[in-house]
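Contents: one structure, followed by commentary.
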Amino acid sequence: MKPAKTIMKNRHLRKVVLCITTSCVCLCAGLLHPIQAKEPGAMASPAKGLKVGVVDLNTVFEKYEKRKAFDAQLKEQEKQCQKNITDRKKELVSLGEKIQLLDVGSEARKKNEETFEKKNMELESYAKFAEKSLTKKYKDYFESLYTEVCKEVEDIGKRDQYDLIIKKEEPELQSSGISELQFKVGIKTVLYNSDAVDITNRIIDNLNKRFSEGTKGK
35 MKPAKTIMKN
45 RHLRKVVLCI
55 TTSCVCLCAG
65 LLHPIQAKEP
75 GAMASPAKGL
85 KVGVVDLNTV
95 FEKYEKRKAF
105 DAQLKEQEKQ
115 CQKNITDRKK
125 ELVSLGEKIQ
135 LLDVGSEARK
145 KNEETFEKKN
155 MELESYAKFA
165 EKSLTKKYKD
175 YFESLYTEVC
185 KEVEDIGKRD
195 QYDLIIKKEE
205 PELQSSGISE
215 LQFKVGIKTV
225 LYNSDAVDIT
235 NRIIDNLNKR
245 FSEGTKGK
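Have a look at this one:
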């Protein structure tokens, strides 16, 4: 009878082992499932849904009509300042020639020399003020344009549900020195993009349309 009992025990043991093995296989399959989801092929679906755009800011600023109008205004102001400086210099030259004709030590010469020094100081002060004022205007207007362009990019990004919009650079590589060439290569952030993701013209069209509508109302 002992052999029969032994056989029964062995059969019972095999059933237990089989159950344990089956449980392990099921457990491993369950654990393996999330691991397989992390394989590169499984992650391809979310990656394909990524929406990316690129914008060439240099082209935007170049073709934005508002920038052209600002440039024309500032150049006119710069031209007027330069004319004032030139006129004052001519006045000083004329006064200097007049002083040379007066007797040294005479009251008239002393008076004109004082006038010359005063006008010369006024000219230097005006030239410094004009340069500082124009520099600030250029800075302020560029900052306002940049803020406006970034706002337009942000609006398109949110409206059209872009995940990422990148600034594209197209530097001119013609250079006289290796250092300048290396710098231009270094600032190029996008090495390749398809035309389908380039929204530069959309930005320009939207900005110019808004500017045109704004000027019509004035």
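Here the numbering used here is used: the sequence shown runs in plain steps of one and ends on residue 252.
In this text, a Cβ means the ideal position worked out from N, Cα and C, and glycines have one as well.
None of the values given here were measured: they were computed from a predicted structure.
Can you tell me which of Asn118, Glu96, Lys144, Gly248 puts its alpha carbon nearest to the alpha carbon of Gly130? Lys144
Every unbroken alpha helix (DSSP H) inside the stretch 69-144 [4 residues or more]: 74-82, 91-97, 99-134
Within 10 angstroms of the Cβ of Tyr226, are there 16 or more other Cβ atoms? Answer buried if so, exposed if not. exposed
State the Cα-Cα distance for the pair Asp232 and Gln116, rounded to the nearest angstrom. 42 Å
Residue closest to Gln111, alpha-carbon to alpha-carbon, out of Glu96, Met155, Ser167, Phe150: Ser167
Which residues mark the beginning and the end of the alpha helix (DSSP H) in which Val198 is found? Reading off the sequence, residue 198 comes out as Leu, not Val. It is not in any alpha helix (DSSP H) - Leu198 instead sits in the beta strand (DSSP E) that spans 198-202.
Taking DSSP's pairing of strands, which residues face Asp232 in a bridge? Val88
Who are the Cβ neighbours of Phe150 in its own chain at under 6 Å, not counting the five residues just before and after it? Leu129
Quick test of the definition: if touching needs 3 or more C-beta pairs under 8 Å, does the stretch 172-179 touch the stretch 120-129? no
So, helix, strand or coil for Leu225, using DSSP? coil
Name the residue from Glu182, Arg122, Ala142, Ile238 whose alpha carbon lies nearest to the alpha carbon of Ser159. Arg122
To the nearest angstrom, how far is the alpha carbon of Gln216 from that of Lys170? 31 Å
Could you compute how far the alpha carbon of Glu247 sits from the alpha carbon of Lys222? 34 Å
Close beta carbons around Arg236, own chain, < 8 Å, minus the five adjacent residues each side: Ile190
Going by DSSP in three states, Phe174 sits in which element: helix, strand or coil? Residue identity differs from the one stated: residue 174 is Asp in this sequence, not Phe. Asp174 falls in the helix class under three-state DSSP.
Find out if the Cβ-Cβ distance for the pair Lys192, Val89 is shorter than 8 Å. no
Between Lys85, Arg101, Leu84, which lies nearest to Val183 when the distance is taken from Cα to Cα? Arg101
Could you have a look at Val50 and say whether DSSP puts it in helix, strand or coil? With a pLDDT of only 44 at Val50, under 50, the local geometry of the prediction cannot be trusted, and the value read off the model is given with reservation. Correct three-state label for Val50: helix.
State yes or no: is the C-beta of Lys85 within less than 8 Å of the C-beta of Tyr196? yes
Look up Asp239 in the DSSP assignment and say whether it is helix, strand or coil. helix
Roughly how many angstroms separate the alpha carbons of Ala78 and Gly87, rounded to a whole number? Only weak support is given to the placement of Ala78: the predicted model assigns it a pLDDT of 36, under 50, and the question is left unresolved by the model.
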